[in-house]
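Single-structure report; data block below.
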Amino acid sequence: MLDITKDDYIRVTNLDKRYGHADEALVLEGINLDVRKGEFVSILGPSGCGKSTLLKCIAGLEDISGGHVDTFGRPVAGPPEGLGMVFQRDMLLDWRTILDNVLFTVELKGKVSSEMRARAKAQLARFGLGGYEDKRPWELSGGMRQRASICRALLTDPDILLMDEPFGALDAMTRDDLNVEVARIWQETKKTVIFITHSISEAVFLSDRVVILDRHPGRIVEILDIDLPRPRELPLRETPEFGRYSSHIRQVFTKLGVFKDA
Ligand SMILES: Nc1ncnc2c1ncn2[C@@H]1O[C@H](COP(=O)(O)OP(=O)(O)OP(=O)(O)O)[C@@H](O)[C@H]1O
Ligand SMILES: [Mg+2]
């Protein structure tokens, strides 16, 4: 059992990050963010503000230049156990079947048990991909590929799920569909999720808190609590409360000069 308090599941303290030499400009400056167990936190900010960099620092995929990043109460040094990631590009391997793609990360760690294989199949079925186990990624739509990526990330039942704009490349209807799916998974599993997006409505719809970043250097300008009822379904987006959160975030970005015309 992990001996941690509810509040230090992910703890980012005064994080600075620059790529390259010490005289390079900071990409992220003074980031402070605690994510509690079971919380859904979205990170919203303009292109190039350092969202992916922040996620990679939390995942232990990038060195940090200052401050601390802790997961499960311990300093991050390389990708920790118990962490799953979904990337913007689905990272499926074209020469492997969907089932073997879902099993890929498990396979890297050793032999795949028949139990794990059964679990992968069940997971695919649950995500509407039953019958597609033996297809190749190029035979699936973009939405189906991202569903398979989520299956892969969830296969080992990680405590933390980091998602970097997983639906950025999808059409609006598929995206809505997957938003509902993610809200449902979260409701069922209560994973701790950090979700990066460019979409204000996606962030409000999914999150307990929305972290707003500005750029040059990337820094947190506001953390907004989203006090909307759960479970959440699409009609929530038509409510005045939902509209108030969205318009508040739009105003913040307008003040920051991210939107010129809002
Ligand atoms: N490996 C790298 N080496 C050098 N600079 C990098 C590297 N990765 C990112 N950067 C720079 O760091 C800054 C932040 O990049 P990052 O990818 O974190 O932004 P982002 O907010 O995720 O952007 P987007 O919304 O477009 O995905 C950018 O200026 C980028 O050029
Ligand atoms: Mg990015």
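By this note's numbering, the letter at position 57 of the sequence shown is numbered 302, and the numbering carries on one by one without gaps.
Note that the Cβ used here is the ideal one computed from N, Cα and C, for glycine as well.
Please read these numbers as outputs of a predicted model, since none were measured by experiment.
Residue state for His493 is assigned as helix, using DSSP reduced to three classes. Runs of the alpha helix (DSSP H) lying entirely within the stretch 389-454 and spanning at least 4 residues, in chain order: 417-434 and 445-451.
Assignment of Asp345 by DSSP, reduced to helix, strand and coil, places it in the helix class. In this structure, Glu447 has its beta carbon at no less than 7 Å from each heavy atom of ligand 2. Per DSSP, reduced to three states, the secondary structure at Ile309 is coil, with no helix or strand assignment. At least one heavy atom of ligand 1 lies closer than 7 Å to the C-beta of Thr298.
In this chain, the beta strand (DSSP E) harbouring Arg464 covers Arg464 to Asp470. Three or more Cβ pairs closer than 8 Å define a contact, and the stretch 414-423 falls short of that threshold against the stretch 263-279. Between ligand 2 and Glu478, a heavy atom-to-CB distance of less than 7 Å is absent. Going by beta carbons, Val449 and Phe487 fall inside the 8 Å limit.
Taking non-hydrogen atoms of ligand 2 into account, the C-beta of Asp409 is found less than 7 Å away from one of them.
Relative to the non-hydrogen atoms of ligand 1, the Cβ of His443 comes within a distance shorter than 7 Å of at least one. Around Lys366, the same chain offers Leu344 and Glu378 as residues with beta carbons nearer than 7 Å, after the five sequence neighbours per side are excluded.
Annotation: the continuous beta strand (DSSP E) that includes Leu278 extends over Leu273 to Val280. In the DSSP assignment, Met361 falls within the unbroken alpha helix (DSSP H) covering Ser359 to Arg371. Restricting attention to Gly290, Leu407, Thr316 and Leu369, the CA atom closest to the CA of Phe504 is found in Gly290.
Burial is judged here by how many other beta carbons sit within 10 angstroms of a residue's own beta carbon; Arg397 has at least 16 and is buried. At a Cβ-Cβ threshold of 8 Å, Ile441 and Met408 count as neighbours.
In this structure Pro382 does not touch Arg371 by the C-beta definition: roughly 19 Å separates them, more than the 8 Å allowed. The residue among Arg362, Leu385, Asp279 and Ser297 with its C-alpha nearest the C-alpha of Leu415 is Leu385.
Distance from the CA of Ile309 to the CA of Lys435, rounded to the nearest whole angstrom, comes to 29 Å.
By the Cβ-count criterion, Leu337 is buried, with 16 or more other Cβ atoms from all chains shown falling within 10 Å of its own Cβ.
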